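Undergrad: Going letter by letter, the sequence shown gives residues 56 to 289 in this note's numbering.
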Amino acid sequence: MEQKDLTGTSTRHLLAPAPRLALALALVCAGALAAGPASAFAGCPNAEVEVSDQNVAQLEHSVVCLINERRSNAGLPTVRPNAQLEQAAAKHANEMVDQGFFSHASPNGQSFIDRITASGYMKDARSWLVGENLGWGSGEYSTPASMVRAWMESPPHRANLLRDRFRDLGVAAVRGTPYRAGDPDGVTVSSEYGRRTLSKKANRKARKARKARKARKARQARRAARKAEAQAEA
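#1: Bridge partners for tryptophan 183 per DSSP, in chain order?
#2: Given this structure, state the Cα-to-Cα distance separating asparagine 215 from serine 209, to the nearest angstrom.
#3: Taking just the CA atoms, how far does asparagine 128 sit from leucine 217?
#4: Might you give, ordered along the chain, the residues of its own chain that have their beta carbon closer than 7 angstroms to the beta carbon of glycine 175, omitting 5 neighbours on each side?
#5: Classify threonine 172 as helix, strand or coil using the three-state DSSP reduction.
#6: Can you tell me the Cα-Cα spacing of valine 185 and alanine 287, whole angstroms?
#7: Once the 5 residues before and after arginine 271 are set aside, which same chain residues still bring their CB inside 8 angstroms of it?
#8: On the CB-based measure, 16 or more other CB atoms within 10 Å of its CB, does alanine 87 come out buried or exposed?
#9: Taking the continuous beta strand (DSSP E) assigned at valine 230, which residues delimit it?
#10: Excluding five sequence neighbours on each side, which residues of the same chain lie with their C-beta closer than 6 angstroms to the C-beta of asparagine 123?
#11: Using the Cβ count rule (16 or more neighbours within 10 Å means buried), how would you classify asparagine 188?
#12: For valine 134, does the three-state DSSP call read helix, strand or coil?
#13: Considering Cα atoms alone, identify which of Leu114, Arg170, Arg135, Val118 is closest to phenylalanine 221.
#14: List the whole-angstrom C-beta distance separating aspartate 240 from serine 117, where the pair is believed to meet the contact cut-off of C-beta under 8 angstroms.
#15: According to DSSP, simplified to helix, strand and coil, what is glycine 192?
#16: Taking serine 246 and alanine 144 to be in contact with their CB atoms under 8 angstroms, please state how far apart those CB atoms are, rounded to whole angstroms.
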């Protein structure tokens with residue numbers, strides 16, 4: 056029953072890592088700790104459920120919920136899910152389990168800033184701020200609440216989680232740990248935080264994409280309603 060965590064952030068300065076607690080400030084920060092089980096978090100579904108009793112999608116959703124709960128309690132704006140950051144998080148979580156390491160830097164030398172850049176998150180951005188918190192746990196320490204509690208109890212991790220400038224978030228969870236890939240009771244979590252200021256052209260493109268997504272969802276809802284009505288009449 057063990058849990059380990061690592062955190063990272065980026066503004067384009069780097070600080071030298073300290074033993075067991077590393078910091079890197081590319082508007083970057085990193086760290087490691089062991090923590091005990093979490094107390095109850097009533098506001099988020101499945102927060103106290105071990106990974107062996109739920110799927111990873113539920114766990115990811117609960118971690119996002121808990122992060123936003125902590126931010127709201129601190130009077131900070133919530134962070135919204137971002138597909139590009141989720142892509143970067145999933146890549147690293149899978150790498151750590153598959154290759155057996157626990158670090159912000161991959162064995163090939165790729166940093167978390169490199170991964171987030173490769174996801175396209177910084178494309179067309181005039182400025183950006185990114186961060187990363189990592190963690191793994193097994194058994195009672197594999198719950199979303201235990202993971203978020205561990206981050207909150209570590210000053211560098213807490214600083215990332217409660218950084219008021221962050222607006223976007225990508226969370227990915229993978230079964231297994233960096234030290235036991237096949238652990239059915241273990242989970243490895245990567246969480247990527249970000250904020251970017253887009254160019255005017257990119258902002259227009261983003262607004263157009265959001266409008267298109269909204270219209271597509273409305274069409275899908277109308278089709279579903281018509282289908283339900285037809286089935287009811289039949």
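Backbone N, C-alpha and C fix where the C-beta goes; we use that ideal spot for every residue, glycine too.
Quick caveat, the model's predicted, so the values are computed rather than measured.
TA: Put simply:
#1: Arg251
#2: 10 angstroms
#3: 10 angstroms
#4: Gln139
#5: helix
#6: 50 angstroms
#7: none
#8: Low local confidence applies: a pLDDT of 34 at alanine 87 is under 50, so the model's placement there is unreliable, with the coordinate-based value given in what follows. Buried, because 16 or more other Cβ atoms sit within 10 Å of the Cβ of alanine 87.
#9: The question names valine, but residue 230 in the sequence shown is arginine. Segment 223-230, the beta strand (DSSP E) holding arginine 230.
#10: Thr133
#11: buried
#12: coil
#13: Arg135
#14: Incorrect: roughly 17 angstroms between the Cβ atoms, too far for contact.
#15: strand
#16: 6 angstroms
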